[in-house]
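Structure first, commentary second.
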Amino acid sequence: MVYLLKRLAFYLLAAFVAISVNFFLPRLAPGDPASTIIAAYSSSLNATALEALKAAYGVTDAPLITQYFAYLGNLLRGDFGLSLSQFPSSVTSVIAGGIWWSVLLGLVSVTLSFVLGSALGALAAWRRGGFFDRIVPPVLLFLSSFPYFFLALLLFYVLCFRLHWFPMGNAFSSVERPPLTPAGIADILHHLAMPALTIVLVSLGPWALNMRNAMIGVLSEDYLTLAEAKGIPPRRVLLSHAARTALLPNVTALGAAIGGVFSGQILAEIVFTYPGLGYLLLRAVGSVDYPLMQALFLIITLSVLAANFLVDTAYTLLDPRVRAGLEA
Amino acid sequence: MAILDATGARGWLRSSAFASVPVTTGLIILGLLVGSSLLSPWIAPYDPRRATGGINEHPSWTHLFGTTGQGQDVFSQFLFGGLNTLWVAFAIAILTTVLALLVALASAYFRGWVDDLLALLANVFLVVPGLPLVVVLAAFLPPGPLTIILVLTLTGWAFGARLFRSQAISLREREFISAAEDAGESRWRIVFVELLPNMWSVVAAYFVNQVIFAITAQASLEFLGLGDGGRVTWGTMLFWAQNTSALIRGAWWTFVAPGMAIALTAFSLALINNAIDELGNPRLKADRLMARAGYPRKTASLMTPVKRK
Numbered sequence: 001m002v003y004l005l006k007r008l009a010f011y012l013l014a015a016f017v018a019i020s021v022n023f024f025l026p027r028l029a030p031g032d033p034a035s036t037i038i039a040a041y042s043s044s045l046n047a048t049a050l051e052a053l054k055a056a057y058g059v060t061d062a063p064l065i066t067q068y069f070a071y072l073g074n075l076l077r078g079d080f081g082l083s084l085s086q087f088p089s090s091v092t093s094v095i096a097g098g099i100w101w102s103v104l105l106g107l108v109s110v111t112l113s114f115v116l117g118s119a120l121g122a123l124a125a126w127r128r129g130g131f132f133d134r135i136v137p138p139v140l141l142f143l144s145s146f147p148y149f150f151l152a153l154l155l156f157y158v159l160c161f162r163l164h165w166f167p168m169g170n171a172f173s174s175v176e177r178p179p180l181t182p183a184g185i186a187d188i189l190h191h192l193a194m195p196a197l198t199i200v201l202v203s204l205g206p207w208a209l210n211m212r213n214a215m216i217g218v219l220s221e222d223y224l225t226l227a228e229a230k231g232i233p234p235r236r237v238l239l240s241h242a243a244r245t246a247l248l249p250n251v252t253a254l255g256a257a258i259g260g261v262f263s264g265q266i267l268a269e270i271v272f273t274y275p276g277l278g279y280l281l282l283r284a285v286g287s288v289d290y291p292l293m294q295a296l297f298l299i300i301t302l303s304v305l306a307a308n309f310l311v312d313t314a315y316t317l318l319d320p321r322v323r324a325g326l327e328a
Numbered sequence: 001m002a003i004l005d006a007t008g009a010r011g012w013l014r015s016s017a018f019a020s021v022p023v024t025t026g027l028i029i030l031g032l033l034v035g036s037s038l039l040s041p042w043i044a045p046y047d048p049r050r051a052t053g054g055i056n057e058h059p060s061w062t063h064l065f066g067t068t069g070q071g072q073d074v075f076s077q078f079l080f081g082g083l084n085t086l087w088v089a090f091a092i093a094i095l096t097t098v099l100a101l102l103v104a105l106a107s108a109y110f111r112g113w114v115d116d117l118l119a120l121l122a123n124v125f126l127v128v129p130g131l132p133l134v135v136v137l138a139a140f141l142p143p144g145p146l147t148i149i150l151v152l153t154l155t156g157w158a159f160g161a162r163l164f165r166s167q168a169i170s171l172r173e174r175e176f177i178s179a180a181e182d183a184g185e186s187r188w189r190i191v192f193v194e195l196l197p198n199m200w201s202v203v204a205a206y207f208v209n210q211v212i213f214a215i216t217a218q219a220s221l222e223f224l225g226l227g228d229g230g231r232v233t234w235g236t237m238l239f240w241a242q243n244t245s246a247l248i249r250g251a252w253w254t255f256v257a258p259g260m261a262i263a264l265t266a267f268s269l270a271l272i273n274n275a276i277d278e279l280g281n282p283r284l285k286a287d288r289l290m291a292r293a294g295y296p297r298k299t300a301s302l303m304t305p306v307k308r309k
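Listed in order, the protein sequences are those of chains A and B.
The C-terminal residue of the first sequence carries number 328 in the numbering used here, and the numbering is unbroken.
The C-terminal residue of the second sequence carries number 309 in the numbering used here, and the numbering is unbroken.
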């Protein structure tokens, strides 16, 4: 419990740092984006309209510390200001349209790559020097050498553009989100398959290699020699004795990986025009929509922090040492 | 001192076919890529920025890798792009490694609250997702190689700092450090003469990893349009290919050349790194030594390594 509280305090600190960076960045950056935006409008507007515009975008001459607290207050109310590229809509409503697709894609790809990667790594360590150990790690290594977006582009070209096996983009085929009937879900999964597959392919490697290395460490433990000597069938030694212990470092790495998958996901969403937060981020960068960009950065960061905290909680359930209150 | 067995490790590398094939492959690929990039001003057939052929021409003898959507020679772009991409990547790798090492050594030197503070800082940087932060930072700064170097150094040092710190701390507990302390060596000398030389394999592996990180992160940023589109790099090549809808027009070569270049560079470095990793794992080493010495492995679990001779 003390451990979890400590972690919670740490994530709150990290969130505070991210929020502060987000606040100070536009104010410290050369050229001051806010004034640039206002300057773009200033010739076509009269003084009152300009004042109103400044107020709408939160450009004031108030001291920095007052601005900072006003900004914190806005954040707490979920108010990120107005989007520049999709003018009358608020940043919050633009993000609300994309967030669930990102969550869906993220959950599916993290789960798949974690489970598949750990299984492959355990097998490779178990059959050291065998087919798995010689062929699989180099292949996975090669796959993870590709930048996410490049592998995604290749697969997009072959599977979507040439062979038409998968749709060329978007999260569903109709104009409106399909109802959650079997046909509707199948349509959503069909659109999800390509972005998820590329993320899994590229992120499989580290999972498998970490698992393999952890397994090799565990396999030299005396209790495994004992298990083998007792005549426990190899499959059970592998699964319930070795793999269970070796999985722990991978669970710790899961926290760090979530951030990585989010980064990769941004690119995958862009290649497959999947309407999640990453795709929104690209459009925000392209149209120099600073409020949207900053809000996306903050939302993604806060979700990663929350996911990390969940992983820590899961870890305490898996590792008896942490449960007992000892240092992990 | 058994921690550093460099000559033994090198001898083992030479004698073990298992390790030498991937390493040699990695070194050859990397050598070819770096070599051709360095020679690009002399061996590139065309000016990489000027239109020297038709639009999206197939690979042919006049244009080995075809031409881009703007009629530039892809092969020349690949060569010059390599030079521009690699120096930025190496600069980032050097800067992040040095920064991480400085932070870790400061932790080991000052200990106490300085150590706690630095570790906390590194952990905060580690938990904040990289790409969104990098995108936001780069969007606020003028585009160009310096921005990329600054942004990726700022966001890329934390893992190394944590890695080196834990290595330094575990070394600090060893007897030779207490011996040095008892002998009255200064803390300064202990950190730089006793600790640092014993960290080389971790530092080397980290550096190689950072080059990979820098190449792919740089390409990702440029692909997103956050680089300087006027420079020829592997990332901007991909950016222009995407922006001229090269794939939809069937001009796969404009993607394959820079993409494969990035992937092959990263792969060759990963092969080299994997070997550094295997060198450092005494259990794997003992396992293979035993097998070669004629003790066939009968159990799936590993024996506790016993070094003979």
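C-beta atoms are modelled at their ideal positions from N, C-alpha and C, and glycine is treated no differently.
TODO: On a CA-only basis, which of Leu-224(A), Tyr-11(A) and Asn-170(A) is nearest Ala-268(A)? Give me that one, please.
DONE: Position 268 of the first sequence holds residue 268(A). The candidate whose alpha carbon is nearest that of Ala-268(A) is Asn-170(A).
Task: Cβ contact (3+ pairs, closer than 8 angstroms) linking the region 127-146 of chain B and the region 187-199 of chain B - done: no
TODO: Count the other C-beta atoms from every protein chain shown that fall within 10 angstroms of the C-beta of Ala-6(B), then say buried if there are 16 or more, exposed otherwise.
DONE: Counted from its first residue, the second sequence places residue 6(B) at position 6. Only weak support exists for where Ala-6(B) lies, its pLDDT of 40 falling under 50; the coordinates are left without a value.
Task: Rounded separation between Pro-45(B) and Ser-36(B) - CA only - done: For the purposes of this step, residue 45(B) is taken as the residue at position 45 of the second sequence. For the purposes of this step, residue 36(B) is taken as the residue at position 36 of the second sequence. Here the alpha carbons of Ser-36(B) and Pro-45(B) stand approximately 12 angstroms from one another.
Open item on the list: Quick check on the burial criterion: 16 or more other C-beta atoms within 10 angstroms. Buried or exposed for Ala-47(A)?
Closed with: Counted from its first residue, the first sequence places residue 47(A) at position 47. Exposed, by the Cβ-count rule.
TODO: Return no unless some Cβ of chain A is closer than 9 angstroms to the Cβ of Phe-78(B).
DONE: Numbered from 1 along the second sequence, position 78 holds the residue referred to as residue 78(B). Judged by the 9 angstroms Cβ criterion, Phe-78(B) is not in contact with chain A.
Open item on the list: Classify Phe-69(A): buried if its beta carbon has 16 or more other beta carbons within 10 angstroms, exposed otherwise.
Closed with: Here residue 69(A) is taken as the residue at index 69 of the first sequence, counted from 1. Phe-69(A) comes out exposed.
Open item on the list: Please list, in chain order, the residues of the region 134-145 of chain B that have any C-beta partner in chain A closer than 8 angstroms.
Closed with: Here the close residues are Val-135, Val-136, Leu-137, Ala-139, Phe-140, Leu-141 and Pro-142.
Open item on the list: For Phe-156(A), tell me which candidate among Trp-126(A), Leu-298(A) and Leu-192(A) has the shortest Cα-Cα distance.
Closed with: Here residue 156(A) is taken as the residue at index 156 of the first sequence, counted from 1. The candidate whose alpha carbon is nearest that of Phe-156(A) is Leu-192(A).
Open item on the list: Considering Cα atoms alone, identify which of Val-124(B), Gln-218(B) and Leu-105(B) is closest to Val-203(B).
Closed with: The residue labelled residue 203(B) in the question sits at position 203 within the second sequence. The residue with the shortest Cα to Cα distance from Val-203(B) is Leu-105(B).
Task: Gly-81(B) at chain A interface by Cβ criterion, 9 angstroms - done: Counting from 1 along the second sequence, the entry for residue 81(B) is found at position 81. It does not: the Cβ of Gly-81(B) has no partner Cβ on chain A nearer than 9 angstroms.
TODO: State the DSSP-derived secondary structure class of Ser-268(B), mapped to helix, strand or coil.
DONE: For the purposes of this step, residue 268(B) is taken as the residue at position 268 of the second sequence. It is helical.
Open item on the list: Tell me the rounded alpha-carbon separation between Glu-57(B) and Leu-224(B).
Closed with: Start at 1 with the first residue of the second sequence, and residue 57(B) comes out as number 57. Start at 1 with the first residue of the second sequence, and residue 224(B) comes out as number 224. Their backbone Cα atoms lie some 25 angstroms apart in a straight line.
Task: Buried or exposed by the 16-neighbour rule on C-beta atoms within 10 Å, applied to Pro-63(A) - done: Counted from its first residue, the first sequence places residue 63(A) at position 63. Pro-63(A) is exposed by the Cβ-count criterion.
Task: Beta-carbon proximity list for Lys-309(B), same chain, < 8 angstroms, skipping 5 on both sides - done: For the purposes of this step, residue 309(B) is identified with residue 309 of the second sequence, where counting begins at 1. Unreliable placement is indicated for Lys-309(B), whose pLDDT of 41 sits below 50; the coordinate value is still reported in the next sentence. Once the five neighbours on either side are set aside, Lys-309(B) has no close Cβ partner at all.
Task: Start and end residues, alpha helix (DSSP H) containing Arg-212(A) - done: For the purposes of this step, residue 212(A) is taken as residue 212 along the first sequence, with counting starting at 1. Here the alpha helix (DSSP H) through Arg-212(A) covers 182-219.
- [ ] Kindly indicate the opening and closing residues of the alpha helix (DSSP H) around Lys-6(A).
- [x] Residue 6(A) sits at position 6 when you count from the first residue of the first sequence. For Lys-6(A), the enclosing alpha helix (DSSP H) begins and ends at 2-28.
Task: Three-state secondary structure assigned by DSSP to Leu-82(A) - done: As a first step, residue 82(A) is located in the first sequence; it is residue number 82 there, counting from the start. It is a strand residue.
- [ ] Would you check if there are 3 or more beta carbon pairs closer than 8 angstroms linking the region 210-220 of chain B to the region 91-108 of chain B?
- [x] yes
Task: CB contact below 9 angstroms: Thr-252(A) versus chain B - done: Against the first sequence, residue 252(A) aligns to sequence position 252. Answer no: the Cβ-Cβ gap between Thr-252(A) and chain B never drops below 9 angstroms.
Task: the region 55-75 of chain B / the region 24-39 of chain B touching (three or more Cβ pairs under 8 angstroms) - done: no
Task: the region 179-188 of chain B contacting the region 237-248 of chain B, beta-carbon criterion three pairs below 8 angstroms - done: no
Task: Inter-stretch contact at 8 angstroms, needing at least 3 Cβ pairs: the region 143-159 of chain A / the region 232-239 of chain A - done: Touching, no.
Task: Collapsed DSSP secondary structure at Asp-115(B) in the structure displayed - done: In the second sequence, counting from the first residue as 1, residue 115(B) sits at position 115. Under the three-state reduction of DSSP output, Asp-115(B) falls in the helix class.
Open item on the list: Quick check on Phe-125(B): buried or exposed, where buried means 16 or more other Cβ atoms within 10 Å of its Cβ?
Closed with: Counting from one through the second sequence, the residue named residue 125(B) turns up at place 125. By the neighbour-count rule (16 or more Cβ atoms within 10 Å), Phe-125(B) is buried.
- [ ] Would you list the residues sitting across from Ser-90(A) in a DSSP beta bridge?
- [x] Position 90 of the first sequence, counted from the start, is the residue given in the question as residue 90(A). Note: Ser-90(A) sits in a beta bridge opposite Leu-82(A).
TODO: Just tell me which of Gln-294(A), Pro-275(A) and Leu-292(A) has its CA closest to the CA of Val-103(A).
DONE: In the first sequence, the residue the question calls residue 103(A) occupies position 103. Among Gln-294(A), Pro-275(A) and Leu-292(A), the Cα nearest to that of Val-103(A) belongs to Pro-275(A).
- [ ] Could you work out which residues of chain B lie near Pro-291(A), taking near to mean beta carbons separated by less than 8 angstroms?
- [x] As a first step, residue 291(A) is located in the first sequence; it is residue number 291 there, counting from the start. The contacting residues do not exist; Pro-291(A) stays about 12 angstroms from chain B at best.
Task: Rounded straight-line distance, which links the Cα of Ala-119(A) to that of Leu-143(A) - done: Taking the first sequence and counting its residues from 1, the one referred to as residue 143(A) is at position 143. Taking the first sequence and counting its residues from 1, the one referred to as residue 119(A) is at position 119. Rounded to the nearest angstrom, the two C-alpha atoms are 17 angstroms apart.
Task: Assigned exposure category for His-164(A) - 16 Cβ within 10 Å defines buried - done: Walking along the first sequence from the start, residue 164(A) turns up at place 164. It is exposed - the Cβ of His-164(A) has fewer than 16 other Cβ atoms within 10 Å.
Open item on the list: Any C-beta of chain B within less than 8 angstroms: which residues of the region 273-305 of chain A qualify?
Closed with: Leu-281, Leu-282, Val-285, Gly-286, Val-288, Tyr-290, Met-293, Gln-294, Leu-296, Phe-297, Ile-300, Thr-301, Val-304 and Leu-305
TODO: Specify whether the region 299-312 of chain A and the region 7-27 of chain A touch according to this definition: at least 3 beta carbon pairs, one from each stretch, less than 8 angstroms apart.
DONE: yes
Task: Short CB-CB distance (under 9 angstroms) between Ile-266(A) and chain B - done: Sequence index remark: in the first sequence, residue 266(A) carries index 266 (1-based). Chain B, which has a Cβ nearer than 9 angstroms to the Cβ of Ile-266(A), makes this yes.
Task: Reduced DSSP secondary structure (H/G/I, E/B, other) of Asp-73(B) - done: Mapped onto the second sequence, residue 73(B) falls at position 73. It is a strand residue.
Task: Pro-59(B) at chain A interface by Cβ criterion, 9 angstroms - done: In the second sequence, counting from the first residue as 1, residue 59(B) sits at position 59. Judged by the 9 angstroms Cβ criterion, Pro-59(B) is not in contact with chain A.
Open item on the list: For a minimum of 4 consecutive residues, which ranges assigned as the alpha helix (DSSP H) are wholly contained in the region 30-74 of chain B?
Closed with: Counting only runs of 4 or more residues that sit fully inside the region 30-74 of chain B, the alpha helix (DSSP H) segments are 40-43, in chain order.
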